[in-house]
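Chemist: First the structure, which I've put down as structure tokens, then a few questions once you've had a look.
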Amino acid sequence: LSDRGDRARGGDEEARQEIRKALDTKPDYAPALLLKATIDGADKNNKNAEEAFARLAKDQPQNASIHRQMGLYYESRGKAADAEKSFVRALELQPDSQLRFTELMLFYIRQKQTGRAIEKINAVRDDKKQASHYELLGLAYAESGKMQDAETAYKKALEKDPTRSNADIFLFAQYMKSGRKEDGSKVVDDFIKKNPQNASAYGGKGFVLQDQGKLEEARELCRFVIHA
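Below you can see the structure in the form of structure tokens.
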């Protein structure tokens, strides 16, 4: 553990040196400033991080990536209101970005503000909703304890895109968590048929076999995955 910690610290110092070189050459170079602010935030150098973020937001107020990173920083510090403003601003700057929308919805779900997430997802026109919208809706419903609504949302995601693995994984976890193990087994079997190269599918199948007491079959599956 000590060796890994030393290597990580060494890597951070190398990164800092590269950032300093970049900023010595070009003091207003946004990517280097953003990376510096991110590292300072991770290292709890909050004063330096906030100064860098403030400078970036002032110099490039239309840069969604800066506001998104500020959101992550403020959330890590427990400043939920400031984090929300930053995530919202990032989405305002890129209103058609599914990534920015997802980041804001996941923030609401992490903050237990599932009602906000559900309201905003449902506000998206049905003809504009993608599989990812229904996955987010399922996560929000599951977090708020509305398991039937979550199941419906995950199934809708699969209707929109049958090849999408996230919805299968979420639906499988939903069934297993609620004790519907037979349904979970069917989902994971279908998942393997659709995605025979996906390690998560076999991990789920191994979990089902182990839960059923079929330990030798679970071991055999593990050996198959390792040697595939």
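The opening position of the sequence shown corresponds to residue 42 in the working numbering, with each subsequent residue numbered one higher. Built from N, CA and C at the ideal position, the CB exists for glycine as well.
Taking DSSP as the reference, what is the three-state secondary structure of A214?
Modeler: A214: helix per DSSP, three-state reduction.
Chemist: So, is A105 buried or exposed, given that buried needs 16 or more other C-beta atoms within 10 angstroms?
Modeler: By the neighbour-count rule (16 or more Cβ atoms within 10 Å), A105 is buried.
Chemist: Report the start-end ranges of each alpha helix (DSSP H) in the stretch 142-193 that is 4 residues or longer and not cut off at the edges.
Modeler: Counting whole runs of 4 or more residues, the stretch 142-193 contains the alpha helix (DSSP H) stretches 155-163 and 172-184.
Chemist: Starting from R109, trace the alpha helix (DSSP H) both ways and give me its first and last residue.
Modeler: Unbroken alpha helix (DSSP H) run through R109: A105 to S117.
Chemist: Got a sec, what are the start and stop residues for the alpha helix (DSSP H) G245 sits in?
Modeler: A240 to D252 is the extent of the alpha helix (DSSP H) around G245.
Chemist: Indicate whether the contact test is met: 3 or more Cβ pairs, each with one atom in the stretch 166-182 and one in the stretch 137-156, closer than 8 Å.
Modeler: With a cut-off of 8 Å, the stretch 137-156 and the stretch 166-182 count as touching, because enough Cβ pairs lie within range.
Chemist: What's the gap between the Cα of R118 and the Cα of R221?
Modeler: The alpha-carbon atoms of R118 and R221 are separated by roughly 38 Å.
Chemist: Need the endpoints of the alpha helix (DSSP H) that D231 sits in, please.
Modeler: Residues K222 to K235.
Chemist: In the DSSP assignment, find the alpha helix (DSSP H) that holds S127 and state where it starts and stops.
Modeler: Note, S127: alpha helix (DSSP H), A121 to L134.
Chemist: Output yes or no for whether 7 Å exceeds the beta carbon distance between I211 and G179.
Modeler: Looking at the sequence shown, residue 211 is not Ile but Phe. Yes, they are a contact pair.
Chemist: From Q251 to S226, what distance separates their C-alpha atoms?
Modeler: The straight-line gap from Cα to Cα measures roughly 12 Å.
Chemist: Cβ atoms of L76 and Q110: under 7 Å apart, would you say?
Modeler: No, they are not a contact pair.
Chemist: Please say whether I150 and E184 have beta carbons closer to each other than 7 Å?
Modeler: Yes, the pair counts as a contact, with Cβ atoms nearer than the cut-off.
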